[in-house]
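Accompanying notes for the structure given below.
2 protein chains.
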Amino acid sequence: MADGPTINTIAARAGVSIASVSRVLNGLPTRQETVRKVMAAADELGYVRNAVARSLKSRRTHQVAFAMADVGNPAYLAMLRQIQPVLKAAGYRLVLHSTDAVVADEIDVLHGLGERYVDGLIMVPLRVTESHLEMLAAARAPVVIIGSVPEGTPVDNVRADSRTGVKLAVDHLHSLGRRRIGMINGPLDTVPGAARGAAYREALGDLGLPYDEDLVQIGDFYRAEGGRAVAELLARRPDVDALMCANDLIALGALDVLRAAGRRVPDDVAVAGMDDTDLAAASWPALTSVSLGSAERGKVAAELLLDRLQGGEREPRVVTVPPHLMVRASTVGAEEGGA
Amino acid sequence: MADGPTINTIAARAGVSIASVSRVLNGLPTRQETVRKVMAAADELGYVRNAVARSLKSRRTHQVAFAMADVGNPAYLAMLRQIQPVLKAAGYRLVLHSTDAVVADEIDVLHGLGERYVDGLIMVPLRVTESHLEMLAAARAPVVIIGSVPEGTPVDNVRADSRTGVKLAVDHLHSLGRRRIGMINGPLDTVPGAARGAAYREALGDLGLPYDEDLVQIGDFYRAEGGRAVAELLARRPDVDALMCANDLIALGALDVLRAAGRRVPDDVAVAGMDDTDLAAASWPALTSVSLGSAERGKVAAELLLDRLQGGEREPRVVTVPPHLMVRASTVGAEEGGA
DNA sequence: GGCCACACCGTAAACGTTTACAGTGCGAGG
DNA sequence: CCTCGCACTGTAAACGTTTACGGTGTGGCC
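Sequences listed follow chains X and Y, in order. Take 670 as the starting number for the first sequence in my numbering and just add one per residue. Take 670 as the starting number for the second sequence in my numbering and just add one per residue.
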């Protein structure tokens, strides 16, 4: 692992100046003979351009960061899978930040933009605090936020419409004749938790159903915790006939607990999840789930960022990706829901 | 987004030299008064160290790359989830490369090491070609390969023991009384495909069962393709009573097709997968699966790389992570296999 | 009072590029 | 034969740091 060749090494071997070497390597007009000598020297030495020095001079790293709470979460994974190829095609590398849902870590990432190790950032914040907004206003590189950010924040913004999404699912459950529709939500001080909780209440209102606090249980966005929340709700309201779960993991937890409690799904209790992850199709019964277009949002975010990186200044944009409902067996049963 | 402050800006404002600024920022011994002035200036200006310039001088980027075929694959995802926190704790950023199982892309990544944009690389190659070995021998940064690499290749190597893994599963199926154990494999020119195919044959031999080509079907490592392969095998050998699938996705495809064909799992056909991904626990019936310790391998790989980054030269190491069998309903039924 | 040691600081070089600018040599045109 | 323009090339500065080295001022000691 001896020190690799630099343009100096090449210049010496080819008997030309480093400027000429650089010109050849960058395809600038040069005499044929010189091109030949430089190329030969570079080949023999196995030269590779030093990306760091390049970045220092050009002020471009050709790297983009993607920050979210947890790569393990299928919704984020779906975004990542779309972001990656878009960036790659444009010649950008992807730096991954898992913040473990720690707000301080998210702030760190924003602060880190000042270090200029990336040209831009795509972030999915779990909560948007004052600190976030301050850092965003002062950000030293283009940022795209997936999630909602107040009007006037100087960043591109890709939103899901979870309000409509929840409504789609609740309407669906209602149309199946369910009237005691419970909700299992994540923490209310998270962006999705708050939005989905409010949307549930609103959807009930639109249908003329009463909002009953006993039918709502807060847990966390994970399977085991979701299951626990369902168990509590079942104990309190054994007559519940449908469950609107704030994400698929919670819904899987619900299926676990309902099965253990001997309740049939969907006959006794219909279950709907959100995010339409791979798990929804893999579970049994397959899970009816609201797709909030995670993949689509990732793609749009990457494109917005690239546009800004390549195009320069422009007004911040807000794009809202519409939700749609994937109906499967957990609400309509095996025949109609398919395998 | 005006040009941010540099140590020059700070030096000017604090009335000291850039050397002093640098010393203060790096905590080198300095007079209290100077420290105060520099800190004050840095704070007022909102200074953040430029990582690129730093890297150029220090020849350290504090970045590590992780390259695999597809982030969407749960086995790679499991590795990623372990690698990420280990690197983060050590102050390294993670650069993600999805090679889409294209060999040329893998070579590109290895070649890219010469650009020195990362301090090291963890790679999961799908195939190990001559080109791979050449590039590995010439690699300009430490590399850890997850998968098997020939003796003498100058890189750390973390292996799964799929031979023992397949044997665990086949023995399990045999112990349940199954005797016509089919295998659904991925392409034989991939490392896992070849290893798992050979292990299957060997495991049968150990049990005194004949190797029957009709019971083997090659497809690809994905759900739909796996399903198609199972359909073909079923058509040829309707009497098959167990399926050893080369990964969980194939096994899910098998469950789809068996259900559609009206075969009960595990009563008529027992199904075992490999990799023990999240999907295995989510499916119905829950999938018996061989864990090859993906998470563990990721963790070990990250630790080996860090050790080399921090410790310097040493002999290449080979670590083999033992497999274990997760028994679930797809082989033993709901009662014993649990939910 | 002179000298030395020491603590602190500033100057400048270096990391590996890109690029503005100036220099060279050549052929063509007067 | 001189001059000019042109094509090409080389010198050097710059990107923002870190750090070796030498310089300065202070205090202590003889």
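Idealized CB from N, CA, C, for every residue including glycine. Here the structure is a predicted model, which is why all the values come from computation and not from measurement.
>> Please classify Ser960(Y) as buried or exposed, where buried requires at least 16 other C-beta atoms within 10 Å of its C-beta.
In response: As a position in the second sequence, residue 960(Y) is number 291, starting the count at 1. Ser960(Y) comes out buried.
> By how many angstroms is the C-alpha of Arg905(Y) removed from the C-alpha of Arg762(Y)?
Replying inline: Taking the second sequence and counting its residues from 1, the one referred to as residue 762(Y) is at position 93. Taking the second sequence and counting its residues from 1, the one referred to as residue 905(Y) is at position 236. In a straight line, the C-alpha of Arg762(Y) is about 51 Å away from that of Arg905(Y).
> Of all the options Glu871(X), Ile887(X) and Gly888(X), which has the alpha carbon lying nearest to the alpha carbon of Tyr880(X)?
Replying inline: Within the first sequence, the letter at position 211 stands for residue 880(X). Out of Glu871(X), Ile887(X) and Gly888(X), Glu871(X) has the C-alpha closest to the C-alpha of Tyr880(X).
>> Is it buried or exposed, Gln886(X), if we count other Cβ atoms within 10 angstroms and call 16 or more buried?
In response: Position 217 of the first sequence, counting from 1, holds the residue named residue 886(X). So Gln886(X) ends up on the buried side.
>> Using C-beta distances below 8 Å, list every residue in its chain close to Val990(Y), excluding the 5 sequence neighbours before and after it, in chain order.
In response: As a working mapping, residue 990(Y) is identified with position 321 in the second sequence. Cβ within range, chain order: Val827, Arg828, Ala829, Asp830, Leu961, Gly962, Glu965, Arg966 and Val969.
>> Does the distance between the C-beta of Gly846(Y) and the nearest non-hydrogen atom of the ligand ZN fall short of 7 Å?
In response: This structure lacks the ligand ZN, and indeed carries no ligand of any kind.
> Below 8 Å between beta carbons: does that hold for Ala998(X) and Ala955(X)?
Replying inline: Sequence index remark: in the first sequence, residue 998(X) carries index 329 (1-based). Sequence index remark: in the first sequence, residue 955(X) carries index 286 (1-based). Yes, they are a contact pair.
>> Quick check on Glu775(X): buried or exposed, where buried means 16 or more other Cβ atoms within 10 Å of its Cβ?
In response: Residue numbering aside, residue 775(X) sits at position 106 when the first sequence is read from its first letter. That one is buried.
> What in chain X is Cβ-close to Tyr786(Y), meaning under 9 Å?
Replying inline: Residue numbering aside, residue 786(Y) sits at position 117 when the second sequence is read from its first letter. Below the 9 Å Cβ cutoff, chain X contributes Asn719, Ala720, Val721, Ser724, Thr730, His731, Gln732 and Arg762 as neighbours of Tyr786(Y), in chain order.
> Which residue comes first and which comes last in the alpha helix (DSSP H) that contains Arg750(X)?
Replying inline: Mapped onto the first sequence, residue 750(X) falls at position 81. Following the DSSP letters along the chain, one finds Arg750(X) inside the alpha helix (DSSP H) bounded by residues Pro743 to Ala758.
> Listed from N- to C-terminal order along the chain, which residues in the segment 948-967 of chain Y have their beta-carbon within a distance smaller than 8 Å of any beta-carbon of chain X?
Replying inline: Listed by position along the chain: Leu948, Ala951, Ser952, Trp953 and Pro954.
> Taking buried to mean at least 16 other C-beta atoms within 10 Å of its own C-beta, is Ile676(X) buried or exposed?
Replying inline: For the purposes of this step, residue 676(X) is taken as the residue at position 7 of the first sequence. So Ile676(X) ends up on the buried side.
>> Considering Cα atoms alone, identify which of Arg832(Y), Ala868(Y), Gly888(Y) and Arg848(Y) is closest to Pro856(Y).
In response: Here residue 856(Y) is taken as the residue at index 187 of the second sequence, counted from 1. Of the candidates Arg832(Y), Ala868(Y), Gly888(Y) and Arg848(Y), the one whose C-alpha sits nearest the C-alpha of Pro856(Y) is Gly888(Y).
> How should Asp621(Y) be labelled, buried or exposed, when 16 other C-beta atoms within 10 angstroms of its C-beta is the threshold for buried?
Replying inline: What is shown of chain Y runs 670 to 1008, which leaves residue 621(Y) out entirely.
> Which residues bound the alpha helix (DSSP H) around Gly900(X)?
Replying inline: Counting from one through the first sequence, the residue named residue 900(X) turns up at place 231. For clarity, residue 900(X) is Ala in the given sequence; the question names Gly instead. From DSSP, the alpha helix (DSSP H) with Ala900(X) extends over Arg892 to Arg905.
> With respect to the beta strand (DSSP E) encompassing Val940(Y), which residues constitute its N-terminal and C-terminal limits?
Replying inline: Taking the second sequence and counting its residues from 1, the one referred to as residue 940(Y) is at position 271. Val940(Y) -> beta strand (DSSP E) spans Ala939 to Met943.
> Applying a beta-carbon distance threshold of less than 7 Å, which residues of chain Y neighbour Arg750(X)?
Replying inline: For this step, residue 750(X) is matched to residue 81 along the first sequence. Per Cβ cutoff of 7 Å: Val740 and Gly741.
> Just the Cα atoms here: how many angstroms apart are Ser817(X) and Val839(X)?
Replying inline: Your numbering for residue 817(X) matches position 148 in the first sequence. Your numbering for residue 839(X) matches position 170 in the first sequence. Rounded to whole angstroms, Ser817(X) to Val839(X) spans 22 Å at the Cα level.
>> Since Leu876(X) and Arg892(X) should fall inside the 8 Å C-beta cutoff, what is the C-beta to C-beta distance between them, to a whole number of angstroms?
In response: Numbered from 1 along the first sequence, position 207 holds the residue referred to as residue 876(X). Numbered from 1 along the first sequence, position 223 holds the residue referred to as residue 892(X). About 29 Å; that fails the 8 Å criterion.
> Once you ignore the five residues that flank Tyr843(Y) on each side, which residues in its own chain have a CB closer than 8 Å to its CB?
Replying inline: Residue mapping note: residue 843(Y) aligns to position 174 of the second sequence, counting from 1. Residue identity differs from the one stated: residue 843(Y) is His in this sequence, not Tyr. Non-local beta-carbon contacts of His843(Y) in its own chain, meaning distances under 8 Å to residues more than five positions away in sequence, involve Ile850, Leu876 and Leu878 in chain order.
>> Buried or exposed, going by whether 16 or more other CB atoms sit within 10 Å of the CB of Gly696(Y)?
In response: Start at 1 with the first residue of the second sequence, and residue 696(Y) comes out as number 27. Looking at its Cβ environment, which holds fewer than 16 other Cβ atoms inside 10 Å, Gly696(Y) is exposed.
>> Taking 8 Å as the threshold (beta carbon to beta carbon), is Arg932(X) in contact with chain Y?
In response: On the first sequence, position 263 is the one that residue 932(X) refers to. Not an interface residue.
> Do you know offhand how far Glu882(X)'s Cα is from Ala911(X)'s?
Replying inline: Here the question's residue 882(X) lines up with position 213 in the first sequence. Here the question's residue 911(X) lines up with position 242 in the first sequence. Between Glu882(X) and Ala911(X), the C-alpha separation is close to 15 Å.
>> Less than 8 Å between CB atoms is the rule here; does Gly673(X) satisfy it with respect to chain Y?
In response: Here the question's residue 673(X) lines up with position 4 in the first sequence. With 8 Å as the cut-off, Gly673(X) counts as an interface residue toward chain Y.
>> By alpha-carbon positions, which one of Arg932(X), Asp925(X) and Glu894(X) ends up nearest to Val909(X)?
In response: Here the question's residue 909(X) lines up with position 240 in the first sequence. Of the candidates Arg932(X), Asp925(X) and Glu894(X), the residue whose Cα lies closest to the Cα of Val909(X) is Arg932(X).
> What does Leu921(X) reach in chain Y if we use C-beta pairs closer than 8 Å?
Replying inline: Walking along the first sequence from the start, residue 921(X) turns up at place 252. Chain Y residues near Leu921(X): Ala951.
> Secondary structure at Leu924(X), three-state DSSP: helix, strand or coil?
Replying inline: As a position in the first sequence, residue 924(X) is number 255, starting the count at 1. Secondary structure of Leu924(X) (DSSP, three-state): helix.
>> How far does the alpha helix (DSSP H) with Asp947(Y) in it extend, from its first residue to its last?
In response: Here residue 947(Y) refers to the residue found at position 278 of the second sequence. Note, Asp947(Y): alpha helix (DSSP H), Asp947 to Ala951.
>> I want to verify the contact list: residues of chain X whose CB lies under 9 Å from the CB of His780(Y), in sequence order.
In response: The residue given as residue 780(Y) occupies position 111 in the second sequence. The answer, in chain order, is Val717.
> Going along chain X, which residues have a C-beta under 7 Å from Gln979(Y)?
Replying inline: One-based indexing of the second sequence puts residue 979(Y) at position 310. Those within 7 Å of Gln979(Y) in chain X number zero; the least Cβ separation is about 15 Å.
>> Can you check which of these residues, Val812(Y), Arg729(Y) and Val860(Y), is closest to Arg986(Y) by C-alpha distance?
In response: Here residue 986(Y) is taken as the residue at index 317 of the second sequence, counted from 1. The shortest C-alpha to C-alpha distance from Arg986(Y) to any of Val812(Y), Arg729(Y) and Val860(Y) is the one to Val812(Y).
> Is the segment 695-715 of chain X in contact with the segment 729-739 of chain X, if contact means three or more CB pairs nearer than 8 Å?
Replying inline: Output reads no: the segment 729-739 of chain X does not touch the segment 695-715 of chain X.
> Helix or strand or just coil, what does DSSP make of Leu973(X)?
Replying inline: Position 304 of the first sequence, counted from the start, is the residue given in the question as residue 973(X). In the structure shown, the three-state DSSP call for Leu973(X) is helix.
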